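Novice: Take this structure first; my questions come after.
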Amino acid sequence: MTQTTTDVLGEGDALPELYRSGRAKQRRARTLRFAAYGIGTLAVVGFALTADWQRIGDSYFDLDRAREQFPDIVTIATKNTIIYTTLSFVGGVVLGLSMALLRLSSIRAYRWFAAVYIEIFRGLPALLTIIFVGFITPIALDIRFPEVLGVSTAGIAALSLVAGAYLAETIRAGIEAVPKGQVEAARSLGLTHGQTMRRIVIPQAFRIIIPPLTNELVLLLKDTSLLAILGV
């Protein structure tokens, strides 16, 4: 009885110490946070007081030049952005679906080919892919990319390769998420493997992956700005 009482009292004495230690950590964290805010504020104020605002305004906020370029931004730039995004997304979906089916194939060579493509183009920055397709490929193969709807197909091909690598894994995950019972029911009705994939599995898979498809469309819209390196 005495030993139990002593243990309880010992634990009770340790609680205030733990409480004080926790409060001290909170105070230190709050002090560091306020110090960081103060340093950041001083840096911003120092920049605002020492910067050459006249030069910055002439370089980045020239309203006369902006008014001259505004019609081109609305008509040409917006049109090209929409064309590049739409065609690259369609190409990426087609390529991604093909690679996803190859990844799920029972033939090892197909699986390896798809895996190599996916790993390469998911690992490479999109800018390097654009440079490779737009500059290196025409020189190496002595070809010239044609234009479609007034835009270069080199940019479309580069963005499609990048999007296809990411969409391949997304589509593969969607196909594998379709319940196996759907496939078994289709095969029991006499559908072939190809008919089962076209009519049963793939439509349900695309319904599942609508959110990540939307994310990829937004990313493609942003990546079109990288095509400026091609002069388009």
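Letter by letter, the sequence shown follows residues 133 to 364 in the working numbering.
All C-beta atoms in this analysis are idealised placements derived from N, C-alpha and C, irrespective of residue type, glycine included.
Values in this document were obtained by computation on a predicted structure and should not be read as measured data.
When you compare the CB of Phe179 with every CB in chain D, is at least one pair closer than 9 Å?
Specialist: Reference to chain D is not applicable here, since this structure consists of a single protein chain.
Novice: Just to confirm the assignment, what range does the alpha helix (DSSP H) spanning Ser238 have?
Specialist: Neither: Ser238 is in no alpha helix (DSSP H) and is coded neither H nor E.
Novice: Do Thr356 and Ala260 come within 9 Å of each other at the CB atom, strictly closer than that value?
Specialist: The sequence shown places Leu at residue 260, rather than the Ala named in the question. Contact flag unset, no.
Novice: By how many angstroms is the C-alpha of Ile288 removed from the C-alpha of Val312?
Specialist: The question names Val, but residue 312 is Lys in the sequence shown. Rounded to whole angstroms, Lys312 to Ile288 spans 36 Å at the Cα level.
Novice: Provide the residue(s) that pair with Val265 in DSSP beta bridges, ordered along the chain.
Specialist: Answer by DSSP bridge pairing: none, since Val265 is not bridged.
Novice: Buried or exposed for Val226, please, with buried defined as at least 16 other CB atoms from any protein chain shown within 10 angstroms of its CB.
Specialist: By the 10 Å Cβ count, Val226 comes out exposed.
Novice: Would you kindly check if the distance between the Cβ of Val280 and the Cβ of Leu219 is under 9 Å?
Specialist: Cβ atoms of Leu219 and Val280: closer than 9 Å.
Novice: Between the Cα of Val315 and the Cα atoms of Leu233, Thr302, Ile334 and Pro344, which residue gives the shortest distance?
Specialist: Answer by Cα proximity: Ile334.
Novice: Counting pairs of Cβ atoms below 8 Å between the stretch 247 to 259 and the stretch 296 to 308, do you hit three or more?
Specialist: Touching, yes, given that three or more Cβ pairs across the two stretches are closer than 8 Å.
Novice: Count Cβ pairs between the stretch 304 to 311 and the stretch 334 to 348 that sit closer than 8 Å; are there 3 or more?
Specialist: Verdict: yes, contact present.
Novice: Between Ser238 and Phe277, what straight-line distance do the alpha-carbon atoms span, to the nearest angstrom?
Specialist: Using only the alpha carbons, I get a separation of about 35 Å.
Novice: Near Arg162, which residues of its chain fall below 7 Å by C-beta distance, leaving aside the five closest residues on each side in sequence?
Specialist: Counting only Cβ-Cβ distances below 7 Å, and skipping sequence neighbours, we find nothing.
Novice: With a Cβ-Cβ cutoff of 9 Å, do Leu349 and Thr217 count as a contact?
Specialist: Contact flag set, yes.
Novice: Need the endpoints of the alpha helix (DSSP H) that Gly296 sits in, please.
Specialist: Here the alpha helix (DSSP H) through Gly296 covers Thr285 to Ala309.
Novice: Out of curiosity, what's the CA-to-CA distance linking Arg187 and Ile208?
Specialist: Going from the Cα of Arg187 to the Cα of Ile208 covers about 29 Å.
Novice: With respect to the alpha helix (DSSP H) encompassing Pro344, which residues constitute its N-terminal and C-terminal limits?
Specialist: Note, Pro344: alpha helix (DSSP H), Ile342 to Asp355.
Novice: Taking the CB atoms as reference points, tell me whether Ala286 and Pro270 lie closer together than 9 Å.
Specialist: In this structure, Pro270 lies closer than 9 Å to Ala286 by Cβ.
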